[in-house]
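Enquirer: There's a structure below that I have some questions on.
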Amino acid sequence: MMDYLHSYPFFSEEILVRPVYRSTAEKDPLTTLLDMGNILASTNPDRLVINPLDTLGFGFPSHEKRRFLYSFDSMIQDWSALTMVTGELNRS
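When we follow this note's numbering, the leftmost residue of the sequence shown carries the number 34, and every step to the right adds one.
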């Protein structure tokens with residue numbers, strides 16, 4: 034992934050990329066979220082990009098997604114970093 038990013042002129046060596054693999058996030062999204070929190074607590078970034086958010090909540094039944102997203106929103110506020118989150122919306 035880093036080799037791919039190096040091809041962009043705006044890429045800086047100071048950028049820390051920590052991929053979250055979809056298979057891991059689907060199996061245990063809550064643990065993935067806690068791991069992200071631990072990484073962010075140890076690195077204390079100014080900016081954070083999560084692309085896409087959909088894979089993190091994918092493993093939950095629909096009635097638990099709301100609680101997961103609420104917890105995620107609370108964690109974003111605790112991180113005190115400028116956060117950009119992407120996702121996909123369904124027409125339905």
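Glycine residues also receive a C-beta, built at the ideal position from the N, C-alpha and C atoms.
Exposed or buried, which one is proline 62 when buried takes at least 16 other CB atoms within 10 Å?
Expert: Against the sequence shown, residue 62 aligns to sequence position 29. Buried.
Enquirer: What does the alpha-carbon distance come out to for the pair isoleucine 72 and phenylalanine 101?
Expert: Looking up residue 72 in the sequence shown gives position 39. Looking up residue 101 in the sequence shown gives position 68. Looking at the two C-alpha atoms, the distance is approximately 19 Å.
Enquirer: Leaving out five residues before and five after threonine 76 in sequence, what residues of the same chain have Cβ atoms less than 7 Å from its Cβ?
Expert: Counting from one through the sequence shown, the residue named residue 76 turns up at place 43. Contacts found: Leu49.
Enquirer: Kindly indicate which three-state DSSP category threonine 119 falls into: helix, strand or coil?
Expert: Taking the first residue of the sequence shown as position 1, residue 119 is located at position 86. Threonine 119 falls in the coil class under three-state DSSP.
Enquirer: Is the beta carbon of methionine 108 sitting closer than 8 Å to the one on leucine 66?
Expert: Along the sequence shown, read from residue 1 onward, the residue named residue 108 stands at position 75. Along the sequence shown, read from residue 1 onward, the residue named residue 66 stands at position 33. Going by C-beta atoms, methionine 108 is nearer than 8 Å to leucine 66.
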